[in-house]
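Working notes, beginning with the structure itself.
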Amino acid sequence: MIFSGEEIVAELEQLGITHVIWIPDSDLGRWESALEKSMLSLIRVCREGEAWPLAAGLIIGGKSPVVIIQSTGLFESGDALRNVVHDMRIPVFSIVGARNWLNANSHDSAKRFVMPIVDAWDIDYQLIESRSERAKLKQHYDTCCASSRAGMIVLAE
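See below:
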């Protein structure tokens, strides 16, 4: 695991994140206990498509949320992402777990489609594939905030 629950909480708190909007799925679900114990407001959605407009409303209200979902949830929520990020131009930041990315023997189609779909949605992203690349989270978040644009971390699982 690239970030432990405690490590991701420390990173998000350092970034000034106020809310985590998510579905605790796959490897990312292991963060739930640490997130629940943190000062971050944790919002669990039923479907990933609900996460983007919730984040948009929080941003409009002056908060700093992050959407955390798995790659298959990104696939499901594409229309909501499109509307919020491209039509409304709200700079939502997200962390998307790339399911089975680190499993060289996986034949999971989610692994094959995640990057083409991220590219198709035209979201500025950084891929984190190892613990040595964890600094990309802060760097990319800061860059996206400074330019008021949406951003994404694709986190290898």
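The numbering used here puts the first residue of the sequence shown at 715, with every later residue one more than the last.
Here a beta-carbon is modelled for each residue, glycine too, at the ideal position from N, C-alpha and C.
Everything numeric in this text was worked out from a predicted model, so none of it was measured.
Contact test: residue i Cβ vs the ligand HEM heavy atom, cutoff 7 Å
{"i": "residue 847", "result": "Annotation note on the ligand HEM: not contained in the displayed structure, which lists no ligands."}
Residue i - DSSP class collapsed to helix/strand/coil
{"i": "residue 802", "result": "coil"}
{"i": "residue 733", "result": "strand"}
{"i": "residue 816", "result": "coil"}
{"i": "residue 722", "result": "helix"}
{"i": "residue 838", "result": "strand"}
{"i": "residue 829", "result": "helix"}
{"i": "residue 864", "result": "coil"}
{"i": "residue 796", "result": "helix"}
{"i": "residue 739", "result": "coil"}
{"i": "residue 856", "result": "helix"}
Residues near residue i by beta carbon distance below 6 Å, same chain, minus five either side
{"i": "residue 786", "result": "824"}
{"i": "residue 769", "result": "735, 779, 781, 806"}
Residue i versus residue j - alpha carbon distance
{"i": "residue 756", "j": "residue 822", "result": "29 Å"}
{"i": "residue 762", "j": "residue 797", "result": "14 Å"}
{"i": "residue 857", "j": "residue 841", "result": "15 Å"}
{"i": "residue 868", "j": "residue 811", "result": "6 Å"}
{"i": "residue 828", "j": "residue 853", "result": "22 Å"}
{"i": "residue 803", "j": "residue 851", "result": "21 Å"}
{"i": "residue 726", "j": "residue 860", "result": "17 Å"}
{"i": "residue 864", "j": "residue 820", "result": "30 Å"}
{"i": "residue 760", "j": "residue 791", "result": "12 Å"}
In DSSP terms, what residue i is bridged to
{"i": "residue 869", "result": "811, 842"}
Sequence-distant residues of its chain with Cβ nearer than 7 Å to residue i (five each side left out)
{"i": "residue 744", "result": "715, 719"}
What runs of the alpha helix (DSSP H), each 4 residues or longer, lie entirely inside the stretch 744–790?
-> 746–751, 765–774, 785–790
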